[in-house]
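To start, the structure under review is shown below, and the notes come after it.
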Amino acid sequence: MRTRIATLMLLSLLALPVASQAKKVNLNWDHYYSGPQVVATLNALHNAYPELTDLTSLGKSEEGRDIWLLTINNPSTGSDTDKPGIYVDGTIHGNEIQATEVVLYTAWYLLENYESIPRVQELVDSRAFYMVPVVNVDSRWRFFEDPSYYNRGRTARVGYDDDRDGLIDEDDYEDLDGDGEILQMRIKDPFGRYRSHPDDPRIMERVESGEQGEWTILGREGIDNDGDGELNEDPVGYLDMNRNFGFKWQPPYVQGGAGDFPLSALPTRAVTKFILTKPNIVFNFAFHNYGGLWVRGPGSDLAGFYSPRDVEVYDFLGEMGEKIVPGYKYIIGGQDMYTTHGDFDEFLYSNFGIYGFVGELFTGSQITFDKDGERANAVEQQKFNDALQQGEMFRDWKPFTHPDYGEIELGGWRTFTRRIPPAFMIQEMVHRNASMVLFTAGQAPEIELELLDTTPIGNGLTRIRVRASNKNAIPSLSDKAVREKIIRKDILSIEGDSLEVLSGAIINDLHLNNTTPVEHNPDKIFVRVPSFGKVDVQWVVRGAGTARVSFDAKKAGNSFLDAKL
Amino acid sequence: MRKRQMRAGRWFILLASLVAGIGIMLNQAHAWDDLPSNWARDMETADPERITLHQIGTSYGDRPIQLLQIGQSAQVKPAILVAANMDGNSIQSASAIMRFAAKLAADPHSTDRANWYLLLNGNPDGMEHFMDVPHAARNTNDRPVNDDMDDAVDEDGPDDLNKDMYISQMRQRHPEGEWLPVEGHPMLMRRADPANGERGIYRIFEEGIDNDGDGQLNEDPPGGVIIGRNFPHRFEHYVPEHGLFAASEPETRAILEFAFDHPEIAMVIAFGNSNTLRTLPMQDRDAGNPNATYELPNWFANRIGQDEGTKLPFDEILKLARQVFANPQLSEDRVMRWLSAGAKVNPDRRDKVWWEALIERYSAAMDSAGMPLENRLPSEDPAPGSFEEWAYYQYGVPSFALDFWTLPVPEEADSGSTEIPYPEDLSDELIALSHYPDTKVKPFSAWTAYDHPTLGPVEIGGKVKNVEQLLGDTDFEPTFDFITSLADDLPSLAIDSVAVTRTATDVYRVDAWVVNNGFLPYPTYQGRRTERPAPASLTLESNGTLLEGRSRRVLGLLEGSGGVEKMSWLVNGAEGRTITLTLASPSAGWETRTVTLLGGGQ
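Taken in sequence, the protein lines are chains A and B. All letters in the first sequence, in the order written, are residues 1488 to 2052 by this note's numbering. All letters in the second sequence, in the order written, are residues 28 to 629 by this note's numbering.
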């Protein structure tokens, strides 16, 4: 292993003469990482940077695989929970595989550049990063190991009677020709509604009414296992983990794939248990494919509205996201896409006060010559396929003898296409999306305390005025968290030997002396430090010496200053 | 150890009080080790062939969640899940289920029709705390919850300031007071009515002090979550005692997992504070309610030429949608989804038929037992996130909630009476309580002066918190008899008859009729919507060749009281051969029938 890494390092130095730093873990972003490769990569990162990382399992999946978490935190600058946390995960839908590469690359980039790029060091030293490259470990593992196709393996491996016949998962796909892929099946049929495209016979196009076709599409490779006259109608799995979370969860007859009850899947439960232990998380990215989108909630009308103060934060970051990844659109899931209930982002925002985006990784218009990026234009896609991938994206039709249908043909777009970009595009995809994570992490709250003044006001009393300010876009707490009492507010407190706190107040206008007094326990003032803003407070105290003013936040760290009276 | 004895002691009193038929006293402590567990284990030991004690989970506070199974596990028998006390404060239900278990155990025929799964206490932490002395009526589990979102958790609960072992009320003369004493009934208070020129005198608080000095009284009591609010149907977020999200609590998860792991459960009965055999649970929205109106989504409003924001009754929207999309089959559920109406919250109208019939039957049963339901005050409505509603709306089986006792309806005063009448706005509960016969537990206590540390001079007295739950006293038997009779109403599928007709040499037509002999349908209409339980199937096996019809056939919804479905096959086989027909279902019928290929026919 060591030798191989060294060799790769050498190769990489030759290939990239500009790179100034040798890498401790040499990773290439020209292929997709299989399940075991993901785990090996995480271990390599952890072994290379043991002081900056922790590698832990959040729990096991339905099939007993570990869900790995790589925590990046510099303990010499404080424990992770004392810093704002950024949670990044990928591939909760097992077939949306490239999300994993984005998470791995982000982790690798942060670690490899810690020494060489001051901004990276600053981020790692002042934030905690929680990286879960694969949530749906069972289906992503199988995507590489089992015969597959690009839409297979979205769900958790939880049994379900899709066809309502009282039997569970009894009719899945089969790789009939043993080529490792679940292709399309078509059969010659004078009554068929498809014919070969005149410009490219690999493509089937629908015939108009009154025209004669030549093919019927039978569906994906498989047989009628249960003899009910249907093909592949009850495949393994159904539970959509991104509909299984707890906020306004809806049962399966309202939200397909929701599962029997919230967090009934083991991975969703494991992730939630982890989130519950990290109240410092301020932002989450959940990477999916595809569409080229930064999606925020609400996912449905039932989820309620997002407060304007929070929307400002989303807008600021989302608009930047559109620039960092060209072609991406920043949208609202429930309004601009489709209704979802029980999804992860909604859950984190509404139950934990964590902002977040779903990052729908792009393909679409990248893999066609159609100028509008239309996926419907198969001819232009085939031209792209031929010109850039030497035709390897498509398995040309070939004859096969099916046990039920007899002579048929197998063919179609191959597994690592459609939703998944060709390997040569990975590098740019992972870097741009990781850059969005880094930009957002840079906008995590950083609270500065400033002593505005201390003024003797007679009778041995002193007025102390303090400002807590946030130079970044993400506030110390979401407005939602405050309104719904999800999270305790930040506390500005004052204490000192023989100090008596007579009053405390939030200052609404410093110059007009417009204040809102705290009626009880005035030594503690509960506040929220807004996006790019500040909160001013004042106390009137009796006593002398030093007063210590402390800021104590769940998501924005702790700090203090001392004021001489 | 001492704490444990105290705890067990309260259980003993609970049981003793039920035997004695008196109200529950809290100010006693007996050493009695682990009564309910021992009691359940003794039940098992006494009849191990028929009775099994299971622990299906553990509460947040590490107390066992116990389930007593009566009847041997069998592949071909339905089960009825009876679950008690999800709300933690329903002492009646926790004791009723123990008595019900004893009744079932004593009757060898009680499991003829179905096995019984008795969930003895769905909220053991809450129950335990409800018996705490002083009685603060806490019914939440042990999860710490920061109700007031300050920097401390569970720091300001009620306090028994006058040391009478109950939490009652405090009143304080105050310029902001909104309350007045009720004339002629000095322990009762009512709101002043400014429209009648009245001004309040008192402020009213729950008995307690401001433990954390934040200016609020009892705003962050110990615990926790009420399990009976934590189920995923009609769950309400942002109420601390409901939990952070549905099924967030280990108790809830244990119960859900047990239910989904046991598809033989054909009916659910909840013992608690609501009664859905008195009143059908109805909400004010969804297609099940004829009065509900919905705002049209903009795209649909535009499509049918209505203004955006138009509200229409559901039936009208459905009619319009079917017209516009030229699809008379367009389903109610589909349209409900357009309206973002979420899940169904009213019983399916076709399920109402059997539900309302059972409501009438229960009412008649209680009448003939001399305990007419109208003689007692209404029961509580099922709570949001309740177990009983979840069991129907999501688990999909007939589910009935039963309480056993509410306060008696107060008698009208004689017209010639010299008593001062109660004010009209005084609740029936308060009037009923003030009429309640003298028991050891007093619903009210006289107002007595107390010097409160932050409020200054106050009076402590008035109504004891949640005292109704301590007073219950009733005869369970008529309701128990009704419940056992429900086992006879379970859907019961059978192969009613089979006809074999020879259509040609060695060719036979086999017609089989499967009929539902039970009163209840299989599945319920809501169950069909929520895809539970799994459908029944009828399988034909023969050595011959099937010319028509697949071997295994899936049955649709079979109505109660004779709902029937016919299945036909054409079999090629020699005369005299036998074929078998097998009926299978998770919870409603199992049967194998062998028939011989014979018959005249054409």
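Every residue gets a Cβ at the ideal spot worked out from N, C-alpha and C, and that includes glycine.
**Asked** At which residues does the alpha helix (DSSP H) containing histidine 156 of chain B begin and terminate?
**Response** In the second sequence, counting from the first residue as 1, residue 156 of chain B sits at position 129. Segment 151-157, the alpha helix (DSSP H) holding histidine 156 of chain B.
**Beta-carbon proximity list for alanine 514 of chain B, same chain, < 7 Å, skipping 5 on both sides** = For this step, residue 514 of chain B is matched to residue 487 along the second sequence. Excluding positions up to five away in sequence, the list reads Ile107, Arg140, Ala141.
**Residues from the region 2009-2037 of chain A in contact with chain B, defined by Cβ distance under 9 Å** = Lys2011, Phe2013
**Request:** Kindly indicate which three-state DSSP category tryptophan 66 of chain B falls into: helix, strand or coil?
**Result:** Residue mapping note: residue 66 of chain B aligns to position 39 of the second sequence, counting from 1. Residue state, collapsed to three classes: helix.
**Request:** Specify whether the region 1513-1523 of chain A and the region 1912-1931 of chain A touch according to this definition: at least 3 beta carbon pairs, one from each stretch, less than 8 Å apart.
**Result:** yes
**Request:** Label valine 103 of chain B either buried or exposed according to how many other C-beta atoms from any shown protein chain fall within 10 Å of its C-beta, with 16 as the threshold for buried.
**Result:** For the purposes of this step, residue 103 of chain B is taken as the residue at position 76 of the second sequence. Under this definition valine 103 of chain B is an exposed residue.
**Asked** From tyrosine 1601 of chain A to leucine 1542 of chain A, what distance separates their C-alpha atoms?
**Response** Along the first sequence, read from residue 1 onward, the residue named residue 1601 of chain A stands at position 114. Along the first sequence, read from residue 1 onward, the residue named residue 1542 of chain A stands at position 55. When rounded, the distance between both Cα atoms is 18 Å.
**Contact test: isoleucine 1710 of chain A Cβ vs the ligand NAP heavy atom, cutoff 6 Å** = Looking for the ligand NAP in the displayed structure turns up nothing, as the structure carries no ligands at all.
**Request:** For glutamine 93 of chain B, count neighbouring C-beta atoms within 10 Å of its own C-beta (all shown protein chains included) and say buried if the count is 16 or more, exposed if not.
**Result:** Walking along the second sequence from the start, residue 93 of chain B turns up at place 66. Answer is buried; the Cβ neighbour count reaches 16.
**Request:** Note down, in chain order, every chain A residue with its Cβ under 8 Å from the Cβ of proline 259 of chain B.
**Result:** Numbered from its first residue, the second sequence carries residue 259 of chain B at position 232. Those within 8 Å of proline 259 of chain B in chain A are Trp1736, Pro1738, Phe1748, Pro1749.
**Request:** Please list the partners that asparagine 173 of chain B has in chain A, where partner means a Cβ-to-Cβ separation under 9 Å.
**Result:** As a working mapping, residue 173 of chain B is identified with position 146 in the second sequence. Going along chain A in sequence order, the residues near asparagine 173 of chain B (Cβ under 9 Å) are Lys1972, Arg1975.
**Asked** What residues in its chain sit with their C-beta under 6 Å from that of glutamate 1583 of chain A, if we drop five residues either side in the sequence?
**Response** In the first sequence, residue 1583 of chain A corresponds to position 96, counting from 1. Answer for glutamate 1583 of chain A: His1775, Asn1776, listed in chain order.
**Item:** Whole-angstrom distance between histidine 260 of chain B and tyrosine 422 of chain B, CA atom to CA atom
**Value:** Locating residue 422 of chain B in the second sequence gives position 395, where the first residue counts as 1. Locating residue 260 of chain B in the second sequence gives position 233, where the first residue counts as 1. Going from the Cα of tyrosine 422 of chain B to the Cα of histidine 260 of chain B covers about 10 Å.
**Asked** For arginine 1730 of chain A, which residues in chain B fall below 9 Å Cβ to Cβ?
**Response** As a first step, residue 1730 of chain A must be located in the first sequence, where it is residue number 243. Result: empty, since nearest Cβ-Cβ is about 13 Å, beyond 9 Å.
**Proximal residues to alanine 2040 of chain A (C-beta, below 6 Å), its chain only, five neighbours per side dropped** = Here residue 2040 of chain A refers to the residue found at position 553 when the first sequence is read from its first residue. Within the same chain, alanine 2040 of chain A has close Cβ partners Ser1963, Asp1977.
**Prompt:** Listed from N- to C-terminal order along the chain, which residues in the region 1763-1796 of chain A have their beta-carbon within a distance smaller than 8 Å of any beta-carbon of chain B?
**Reply:** Ser1787, Asp1788, Leu1789
**Asked** When the distance is taken between beta carbons, is proline 518 of chain B closer than 7 Å to leucine 547 of chain B?
**Response** For the purposes of this step, residue 547 of chain B is identified with residue 520 of the second sequence, where counting begins at 1. For the purposes of this step, residue 518 of chain B is identified with residue 491 of the second sequence, where counting begins at 1. It is a contact, given that the beta carbons lie within the stated cut-off.
**Request:** May I ask which residues mark the beginning and end of the alpha helix (DSSP H) holding lysine 1810 of chain A?
**Result:** Taking the first residue of the first sequence as position 1, residue 1810 of chain A is located at position 323. 1795-1811 is the span of the alpha helix (DSSP H), which, as asked, contains lysine 1810 of chain A.
**Prompt:** Under a three-way DSSP split, which group does lysine 1433 of chain A fall into?
**Reply:** Nothing in the structure corresponds to residue 1433 of chain A, since chain A is present only between 1488 and 2052.
**Request:** Tell me where the beta strand (DSSP E) around threonine 1540 of chain A begins and ends.
**Result:** Here residue 1540 of chain A is taken as the residue at index 53 of the first sequence, counted from 1. Element bounds for threonine 1540 of chain A: 1540-1547.
**Asked** In whole angstroms, what separates the C-alpha of leucine 574 of chain B from that of aspartate 1857 of chain A?
**Response** Locating residue 574 of chain B in the second sequence gives position 547, counting from the first residue. Locating residue 1857 of chain A in the first sequence gives position 370, counting from the first residue. Roughly 52 Å between the two C-alpha positions.
**Message:** Excluding the 5 residues flanking glycine 48 of chain B on each side, which residues of the same chain have their C-beta closer than 8 Å to its C-beta?
**Reply:** Locating residue 48 of chain B in the second sequence gives position 21, where the first residue counts as 1. Because glycine 48 of chain B sits at a pLDDT of 37, beneath the cut-off of 50, its placement in the model cannot be relied upon, and the following sentence gives the value as read from the coordinates. Answer for glycine 48 of chain B: Asp500, listed in chain order.
**Message:** So that I know if they touch, is there some Cβ in chain A lying closer than 7 Å to that of tyrosine 265 of chain B?
**Reply:** Residue 265 of chain B sits at position 238 when you count from the first residue of the second sequence. Taking Cβ atoms only, chain A reaches closer than 7 Å to tyrosine 265 of chain B, which makes this a yes.
**Message:** Tell me which residues share the same chain as phenylalanine 1631 of chain A and place their Cβ nearer than 7 Å to its Cβ, disregarding the 5 neighbours each side in the sequence.
**Reply:** Here the question's residue 1631 of chain A lines up with position 144 in the first sequence. Only Ser1521, Gly1522 meet the Cβ criterion.
**Request:** Identify the contact partners of histidine 2007 of chain A in chain B, using a Cβ-Cβ distance below 7 Å as the criterion.
**Result:** As a working mapping, residue 2007 of chain A is identified with position 520 in the first sequence. Near histidine 2007 of chain A (Cβ distances below 7 Å), the residues of chain B are Gly240, Asp241, Gly242.
**Asked** So the alpha helix (DSSP H) glutamine 1914 of chain A belongs to, where does it begin and stop?
**Response** For the purposes of this step, residue 1914 of chain A is identified with residue 427 of the first sequence, where counting begins at 1. First-last of the alpha helix (DSSP H) with glutamine 1914 of chain A: 1913-1929.
**Prompt:** Can you list, in chain order, the residues of its chain whose CB lies under 8 Å from that of serine 1751 of chain A, leaving out five sequence neighbours each side?
**Reply:** In the first sequence, the residue the question calls residue 1751 of chain A occupies position 264. Within the same chain, serine 1751 of chain A has close Cβ partners Val1645, Leu1726, Asn1731.
**Asked** In three-state DSSP terms, what is glutamine 553 of chain B?
**Response** Locating residue 553 of chain B in the second sequence gives position 526, where the first residue counts as 1. Glutamine 553 of chain B: helix per DSSP, three-state reduction.
**Prompt:** Does the beta-carbon of phenylalanine 352 of chain B have 16 or more other beta-carbons within 10 angstroms, so that it is buried, or is it exposed?
**Reply:** Locating residue 352 of chain B in the second sequence gives position 325, where the first residue counts as 1. Exposed, because fewer than 16 other Cβ atoms sit within 10 Å of the Cβ of phenylalanine 352 of chain B.
**Asked** Can you give the Cα-Cα distance for serine 1683 of chain A and phenylalanine 1792 of chain A, rounded to whole angstroms?
**Response** Translated into the one-based positions of the first sequence, residue 1683 of chain A becomes position 196. Translated into the one-based positions of the first sequence, residue 1792 of chain A becomes position 305. Their backbone Cα atoms lie some 49 Å apart in a straight line.
**Contacting positions in the region 1644-1676 of chain A - beta carbon closer than 7 Å to chain B** = Asp1648, Arg1651, Asp1652, Gly1653
**Cβ contact (3+ pairs, closer than 8 Å) linking the region 209-226 of chain B and the region 519-534 of chain B** = no
**Item:** Nonlocal neighbours in the same chain, by C-beta distance under 6 Å from valine 2077 of chain A, ignoring five residues either side
**Value:** Here chain A has residues from 1488 to 2052 only, and residue 2077 of chain A is not among them.
**Request:** Measure the alpha-carbon distance for asparagine 1638 of chain A versus glutamine 1585 of chain A and round it to whole angstroms.
**Result:** Here residue 1638 of chain A is taken as the residue at index 151 of the first sequence, counted from 1. Here residue 1585 of chain A is taken as the residue at index 98 of the first sequence, counted from 1. Between asparagine 1638 of chain A and glutamine 1585 of chain A, the C-alpha separation is close to 13 Å.
**Prompt:** Cβ atoms of threonine 1528 of chain A and leucine 1597 of chain A: under 7 Å apart, would you say?
**Reply:** Reading the first sequence from its first residue, position 110 is the one you call residue 1597 of chain A. Reading the first sequence from its first residue, position 41 is the one you call residue 1528 of chain A. Taking 7 Å as the Cβ cut-off, leucine 1597 of chain A and threonine 1528 of chain A do not qualify as a contacting pair.
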